[in-house]
Structures are given as C-alpha cells and as structure tokens.
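Visitor: Residue numbers for the sequence shown follow the numbering used here, so the first one is 5 and each next one is one higher. For glycine and all other residues, C-beta sits at the position ideal for the given N, C-alpha and C. All values derive from a computational prediction rather than experimental measurement. My questions all concern the structure below.
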Amino acid sequence: MKVLVAVKRVVDFNVKVTIKSDRTGVDVATVKMSMNPFDEIAVEEAVRLKEHGVATEVIIASCGVTQCQETLRTAMAMGADRGVLVETGAALQPLAVAKLLKALVDKEQPGLVILGKQAIDDDSNQTGQMLAALANLPQATFASKVVVADGKATVSREVDGGAETLSLTLPAVITTDLRLNEPRYVTLPNIMKAKKKPLEVVKPEDLGVDVTPRLKTLKVVEPPKRSAGVKVPDVKTLVEKLKTEAKVL
Ligand code: AMP
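Dropping the structure here:
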C-alpha cells in the first residue's frame, strides 16, 4: 500500500511574525521556514506504517515555491521514499491545494493519504476535508491514533468530552492531531541519504488544475495590544477592582 503525505512549508513556529506594511499578509521574505508541525506528525505516521510492514512506499507531496524541495528532503530524511513538488509561485488557497492533491491521488492511487489537521500559517483546517470530498474518499480528521489492518483504518479522534473511534474503508484520508505521535529527529546520515532520493517536479498545468485564488484577503492586522496588568495585595482589593474598575461583578 502506498501512503501519500502532504507537507506544507510554513513560517517556523518559533518565529514571531510581523505584518507587511501594506497589510496584505505577514512578512515571510526573511524569516525561517520549516515543515508545518502537523505534517511532521503525518510523515512520522506514514514512515512508521512502512517500518511495520503495512505501507510499501511513502510519497511526500508539497505545493508551492521551489524552496519546498527542502521540506520534501526533510521528509525523505525522516524515512519517506520519494517526493513530488507541485511547483508554483501562486498564492495557494486550500481548495487549490486540495485539487492538486486530488490529481496526485488519481495518479498515484495511494491506499492512505495523510495530511496535517491544519497549517499553522493560515489555520484553515480545510485541505484534508476538501480533498476527501473531491476524491470521494472517507475521512477521519484530528486523528490521535491510527491502526491499519485488513483494508481498514481504525482511527481514534478526540472530540468534546471524550474520544471517538471510526473505522474507514481504505483508500481514505486522515488528518493528524498533536497527540498522534512524536516525530523523530533527522540524523545527518539520513539527510545525506535523502539527497539521493527521487524528487519529481510538476506544474499545476501538468495536473490540469487551475489554482487561481477564490478568496481575497482584505487586510491583516495585529491583535490589539494588551494593557499592562496590575498586582493586587489581597482578594478583597481584587474583588473591589472587579466590581468598580472592570465592572464584571
Ligand atoms: P490547511 O487546510 O491550510 O490548514 O492545511 C491542512 C493540511 O493540508 C496541512 O497540514 C498540509 O498537510 C496540507 N497542505 C496545505 N497546504 C499545502 C501545500 N501548499 N502543500 C502541501 N500540503 C499542504
């Protein structure tokens, strides 16, 4: 069984982003970029499936600029077999990515597609769901445990007030939650090995997909600044202030 994993190159989670002066988005020109953390979890899960003899091949797909090749190489250093870059300089929205991934699903026919539950840059939480709909595949989002056996995936997912377990007939789409696993660190020898693994580059046109944005960002603004807090000497003063200043009591 082939497993296809989608990985997005995003601003590293440690970077404090700043907004561009024209308010059209955040400044990504000079900041550190990394693999979306939920996608690292997706790669780890796929590699473990291969190590346990469930998957035969792990294919990584990324859509975006040329530098996404670095993200693909990182995934290959974690143990994936090969990468596909759908190269475009266009701003990609979740529907466009889902269409590109659908084209790759048609081509590769994976038994399982794993995505992150959300990209930490746009926080859309849409691509996996859209892909499942476009490809007419069953889906389990926010997976915290995945067991694949006998043509089925049993997926646990955390929901309000408990855990839900779903059984999906493969092929299927799964999106990862934080608790699914702890991704491994890449080692230098594996980084070297990953340089020799196959990496195919295609264009959206090659896949017959129109990636024109459907949504327009009107403006991006900083959250309002929080005013400094005060220390109160005792509970009596706190209650007093909540009554008279904050007026919440
Ligand atoms: P989103 O719907 O944007 O929050 O992204 C959810 C997931 O879709 C991510 O965690 C990735 O697995 C996948 N994804 C989103 N954008 C891309 C992209 N440009 N290339 C590859 N995968 C992507």
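Please report the distance separating the alpha-carbon of D227 from that of L116.
Guide: The question names Asp, but residue 227 in the sequence shown is Pro. Whole-angstrom Cα-Cα distance: 39 Å.
Visitor: Please determine if the region 73-80 and the region 17-29 are in contact, where contact requires at least 3 C-beta pairs separated by less than 8 Å.
Guide: As far as the Cβ criterion goes, the region 73-80 does not touch the region 17-29, which means the pair count is below three.
Visitor: For M37, does the three-state DSSP call read helix, strand or coil?
Guide: Of the three classes helix, strand and coil, the one that applies to M37 here is strand, per DSSP.
Visitor: Comparing C-alpha positions only, which one of T158, L89, I195 and S148 sits nearest to G166?
Guide: Selected option, being the one with the closest Cα: S148.
Visitor: Beta-carbon within less than 6 Å of E162's beta-carbon, same chain only, minus the 5 sequence neighbours each way: which residues are those?
Guide: Closer than 6 Å at the Cβ level, and outside the excluded window around E162, lie S148.
Visitor: Hey, how far is the Cα of K121 from the Cα of V252?
Guide: Answer to the nearest angstrom: the Cα atoms are 37 Å apart.
Visitor: How is the beta strand (DSSP E) around K156 delimited, first residue to last?
Guide: That run of the beta strand (DSSP E) goes K156 to V163.
Visitor: Measuring straight from C-alpha to C-alpha, what distance separates R52 and T158?
Guide: About 16 Å.
Visitor: Any heavy atom of ligand 1 within a distance shorter than 7 Å of the CB on A46?
Guide: At least one heavy atom of ligand 1 is nearer than 7 Å to the Cβ of A46, so yes.
Visitor: With a threshold of 8 Å between beta carbons, is D238 in contact with chain D?
Guide: Protein chain content of the structure displayed is limited to a single chain, and chain D is not contained in it.
Visitor: Work out the CA separation of K199 and P41 for me, nearest whole Å.
Guide: Each residue's Cα considered, the two are about 22 Å apart.
Visitor: On the premise that P202 lies in contact with R86, defined as a C-beta separation below 8 Å, what is that separation, rounded to the nearest angstrom?
Guide: Yes, they are in contact, since the Cβ atoms of R86 and P202 sit about 4 Å apart, within 8 Å.
Visitor: Verify the contact flag: Q122, CB atom, against every heavy atom of ligand 1, threshold strictly below 7 Å.
Guide: Q122: yes, Cβ under 7 Å from ligand 1.
Visitor: Select from K54, S66, A139 and T145 the residue whose C-alpha is nearest the C-alpha of R183.
Guide: Here the closest residue by C-alpha is T145.
Visitor: Mind checking whether K156 and T169 have CB atoms under 8 Å apart?
Guide: Not closer than 8 Å, so no.
Visitor: Since E168 is in the beta strand (DSSP E), which residue starts that stretch and which ends it?
Guide: Taken as a continuous stretch (DSSP letters only), the beta strand (DSSP E) holding E168 covers G166 to T173.
Visitor: Using the Cα positions of K36 and N194, report the straight-line distance between them to the nearest angstrom.
Guide: For K36 and N194, the distance between alpha carbons rounds to 22 Å.
Visitor: Comparing C-alpha positions only, which one of V90, T191 and A136 sits nearest to D210?
Guide: Taking only the C-alpha atoms, the option nearest D210 is V90.
Visitor: With a threshold of 16 other CB atoms inside 10 Å of the CB of A139, please say whether the residue is buried or exposed.
Guide: It counts as buried.
Visitor: Where does Q73 fall in DSSP's three states?
Guide: Correct three-state label for Q73: helix.
Visitor: Excluding the 5 residues flanking E48 on each side, which residues of the same chain have their C-beta closer than 7 Å to its C-beta?
Guide: M82, N185, P187 and R188, listed in sequence order.
Visitor: With distances taken Cα to Cα, identify the nearest neighbour of Q11 among C72, R27, E61 and D31.
Guide: For clarity, residue 11 is Val in the given sequence; the question names Gln instead. That would be C72, whose Cα lies nearest to the Cα of V11.
Visitor: Would you mind sorting Q113 into buried or exposed? The rule is 16 or more other CB atoms within 10 Å of its CB.
Guide: Q113 comes out exposed.
Visitor: Looking only at DSSP bridge pairs, what is R218 linked to?
Guide: Looking at the DSSP assignment, R218 forms no beta bridge with any residue, so it has no partner.
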